[in-house]
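Chemist: Please read through the structure below; I'll follow up with questions.
Numbering (UniProt numbering), first residue to last: 1 to 180.
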């Protein structure tokens with residue numbers, strides 16, 4: 001069976017940001033990277049490079065910056081009011097501290113991680129660029145499993161994200177009060 005749309009794929013790999021550099025991410029046989037091909041879970045060009053491979057096939061390729069996470073953007077670095085991080089009127093300076101990664105959600109319900117760059121009396125400066133923005137990515141690995149997806153896996157992978165899941169949010173108002 002070859003890798004194609006709607007197949008569950010498991011790979012082991014090493015990821016570097018330059019050919020001679022250190023390994024920044026590694027998936028091994030005990031904990032492989034597993035994804036549903038074509039469901040938007042992976043970088044599009046990553047999936048394209050693996051398309052057509054089968055179990056036992058090796059891969060070794062580079063994704064240019066624009067094929068991966070793009071260049072870092074100044075627009076993704078923003079100052080947020082410090083009070084939005086308060087819980088019951090208290091600011092948690094251990095969680096919201098320089099260098100920490102904080103899970104956040106935008107107005108559309110999309111989850112994203114932000115790195116705290118600076119905390120002042122009134123604001124928290126956060127960087128929402130992907131940590132690998134600005135880097136080319138070098139992948140080297142092997143396909144260890146390709147199989148048909150179960151109905152449950154398909155349903156999960158293609159379920160709407162955010163909103164109310166009513167399926168009619170595209171129209172700008174499904175009537176459920178979800179704010180879409």
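All C-beta atoms, glycine included, are put in the ideal place defined by N, C-alpha and C.
Once DSSP output is grouped into helix, strand and coil, what is the label at residue 5?
Modeler: coil
Chemist: Can you give the Cα-Cα distance for residue 99 and residue 79, rounded to whole angstroms?
Modeler: Residue 99 and residue 79 have their alpha carbons spaced roughly 15 Å apart.
Chemist: Looking at C-beta atoms only, is the number of pairs between the segment 1–16 and the segment 134–147 that lie closer than 8 Å three or more?
Modeler: The segment 1–16 vs the segment 134–147: in contact.
Chemist: According to DSSP, is residue 17 helix, strand or coil?
Modeler: coil
Chemist: Determine the extent of the alpha helix (DSSP H) in which residue 112 is found, giving its start and end residues.
Modeler: Here residue 112 belongs to no alpha helix (DSSP H); instead the beta strand (DSSP E) covers 111–119.
Chemist: Straight-line CA distance for residue 91 to residue 97?
Modeler: 11 Å
Chemist: From residue 119 to residue 113, what distance separates their C-alpha atoms?
Modeler: A direct Cα-Cα distance of roughly 17 Å separates residue 119 from residue 113.
Chemist: Among residues of its own chain, excluding the 5 on either side of residue 41, which ones have a beta-carbon nearer than 8 Å to its beta-carbon?
Modeler: 35, 157
Chemist: For a quick check, are the C-beta atoms of residue 73 and residue 129 less than 8 Å apart?
Modeler: yes
Chemist: My understanding is that residue 2 touches residue 54, with C-beta atoms under 8 Å, so please give their C-beta distance in whole angstroms.
Modeler: With a Cβ gap of about 5 Å, residue 2 and residue 54 count as contacting.
Chemist: Hey, quick one: how far does the alpha helix (DSSP H) through residue 85 stretch, first residue to last?
Modeler: Looking at the DSSP string, residue 85 is not in any alpha helix (DSSP H), and its letter there is neither H nor E.
Chemist: Tell me whether the beta-carbon of residue 22 lies closer than 8 Å to the beta-carbon of residue 37.
Modeler: no
Chemist: Please report the Cβ distance between residue 43 and residue 27, rounded to the nearest whole angstrom; I am assuming they are in contact, meaning their Cβ atoms lie under 8 Å.
Modeler: That belief does not hold up - the Cβ atoms of residue 43 and residue 27 are roughly 14 Å apart, past 8 Å.
Chemist: For residue 45, which residues in the same chain have their Cβ closer than 6 Å to its Cβ, ignoring the five residues on either side in sequence?
Modeler: In the same chain as residue 45, and ignoring 5 residues on each side of it, the C-beta atoms closer than 6 Å to its own belong to 63, 67, in chain order.
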